[in-house]
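*Asks:* Okay, handing you the structure first.
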Amino acid sequence: METVLQAKNMTKIYGMGSKQPFTALENIDLEIKTGEFIVVMGPSGSGKSTLVNNISTIDIPTNGSLYILNQEVKQMSENQLGKFRYQYLGFIFQNYNLLNSLTIYENIMIPLKLIGEDKKVIDEKVHQITKELDIESLLNKYPHECSGGQQQRVAIARALIGNPKIIIADEPTGNLDSQNSHEILSIFKKMNENHITIIMVSHDPLIASYSSRLLYLKDGKIEKELFKGDKTQQEYFKEIVSINSKEMQKMLD
């Protein structure tokens, strides 16, 4: 399988040059292959958000290297990074990040509009993806007229419309009830079956059990790494719960 992301000694330090610099990530070594479903877990302040921000090119490592699709992130200009995001990365957030002043149709088309896609192509792709996600009837509505589950489907449609190589999701079910969470996870599972690489932050062991690999962060480092392999989802879930419980207990001791 092709390597889509490789980090070597990736470090992120905030407040460089100040009296109290803070190391949020320290010497991260990570290789992600095409079609992997990675879940990142860890306590608050462990570096999850910083890791995802660097992987998504929203932030840039202070030291070390980060290659995404064979492109070294630190060598790219802001303009190049912007184009790279729209062409190859899809983003899904806990709070949906939809623009309330735009219709659902207009929200979904944003990535294609930004790269100057033809209007006819945009229309075809919007209708195709919304039909697949069962939200075609929402196209003329505004975000505030949709439920949380519907808004997250819209966010997924927006992330997928540009045919990204990598989906980056930050607590995508955090604001949803159990039924909607299950439906959204089923969509992620289907994405992954179509060989889309997924990198997801979650605090929920059940959600993590849908992954092919778990990264457990602590104090800016990868403390533990767990592969699903041939385990059943139930066996994998129990192993994740055990790791999570042990790490939480260490914090209380």
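So for the sequence shown, our numbering puts the first residue at 818; every next one is plus one. Every residue gets a Cβ at the ideal spot worked out from N, C-alpha and C, and that includes glycine.
1) Residue 1019 and residue 988 look like a contact to me (Cβ under 8 Å); what is the Cβ gap, rounded to whole Å?
2) In this structure, does DSSP put residue 979 in helix, strand or coil?
3) By the DSSP assignment, the beta strand (DSSP E) with residue 828 in it spans what residues?
4) Taking residue 849 and residue 822 to be in contact with their CB atoms under 8 Å, please state how far apart those CB atoms are, rounded to whole angstroms.
5) Report the start-end ranges of each alpha helix (DSSP H) in the stretch 977-1022 that is 4 residues or longer and not cut off at the edges.
6) How far does the beta strand (DSSP E) with residue 844 in it extend, from its first residue to its last?
7) Between 890, 913, 833 and 905, which lies nearest to residue 991 when the distance is taken from Cα to Cα?
8) Contact defined as beta carbons within less than 8 Å: I believe residue 1001 pairs with residue 955. What is the distance between those atoms, to the nearest angstrom?
9) Rounded to a whole number of angstroms, what is the C-alpha to C-alpha distance between residue 870 and residue 885?
10) Between residue 952 and residue 874, what straight-line distance do the alpha-carbon atoms span, to the nearest angstrom?
11) For residue 1028, does the count of other Cβ atoms within 10 angstroms reach 16, so buried, or fall short, so exposed?
12) Near residue 890, which residues of its chain fall below 7 Å by C-beta distance, leaving aside the five closest residues on each side in sequence?
13) Taking its Cβ as the centre, do 16 or more other Cβ atoms sit within 10 Å of residue 819, making it buried, or is it exposed?
14) On a Cα-Cα basis, can you pick out the residue from 984, 1050, 919 and 1023 that is closest to residue 1005?
15) Mapping DSSP to helix, strand and coil, what is residue 858?
16) By the 10 Å Cβ neighbour count, where 16 or more other Cβ atoms means buried, how is residue 1051 classified, buried or exposed?
17) For residue 834, count neighbouring Cβ atoms within 10 angstroms of its own Cβ and tell me buried if that reaches 16, exposed if not.
18) By Cβ distance, which residues of its chain are closer than 7 Å to residue 916, with the 5 residues on each side in sequence left out?
19) Where DSSP assigns a beta bridge to residue 901, which residues make up the other side?
20) Hey, residue 978 and residue 1022: beta-carbon distance below 8 Å or not?
21) Between the stretch 1005-1015 and the stretch 928-940, do at least 3 Cβ pairs fall closer than 8 Å?
22) Which residues in the same chain as residue 827 place their Cβ atom closer than 8 Å to its Cβ, once the five residues preceding and following it in sequence are excluded?
23) On the premise that residue 907 lies in contact with residue 1034, defined as a C-beta separation below 8 Å, what is that separation, rounded to the nearest angstrom?
24) Per DSSP, which one or two residues make a beta bridge with residue 884?
25) Please list, in chain order, all residues of the same chain as residue 958 whose beta carbon is under 8 Å from its beta carbon, the five residues on each side excluded.
26) What does the alpha-carbon distance come out to for the pair residue 887 and residue 897?
27) Quick check on this structure: which residue in 968, 830, 994 and 1045 has the alpha carbon closest to the alpha carbon of residue 909?
*Replies:* Walking through what the data contain:
1) 6 Å
2) coil
3) 820-831
4) 4 Å between Cβ atoms; contact.
5) 995-1010
6) 839-850
7) The residue with the shortest Cα to Cα distance from residue 991 is 913.
8) 16 Å between Cβ atoms; not a contact.
9) Rounded to whole angstroms, residue 870 and residue 885 show a C-alpha spacing of 13 Å.
10) In a straight line, the C-alpha of residue 952 is about 30 Å away from that of residue 874.
11) buried
12) 874, 877 and 883
13) Taking a 10 Å sphere around the C-beta of residue 819, we find fewer than 16 other C-beta atoms and assign the residue as exposed.
14) For the residues 984, 1050, 919 and 1023, the minimum Cα distance to residue 1005 belongs to 984.
15) strand
16) Taking a 10 Å sphere around the C-beta of residue 1051, we find fewer than 16 other C-beta atoms and assign the residue as exposed.
17) exposed
18) Excluding residues within five positions, the ones whose Cβ falls inside 7 Å are 924.
19) Its beta-bridge partners do not exist; DSSP assigns none.
20) Against a cut-off of 8 Å, the Cβ pair of residue 1022 and residue 978 comes out as no contact.
21) Flag = no, the stretch 1005-1015 and the stretch 928-940 do not touch.
22) 842, 844, 845, 846, 847, 871, 878, 880, 881, 882 and 883.
23) With 8 Å as the limit, residue 1034 and residue 907 do not qualify as a contact, their Cβ atoms being about 22 Å apart.
24) 823 and 889
25) Scanning its chain for C-beta atoms nearer than 8 Å, with the 5 sequence neighbours on each side dropped, one finds around residue 958 the residues 920 and 921, in chain order.
26) Going by the C-alpha atoms only, they are around 14 Å apart.
27) 968
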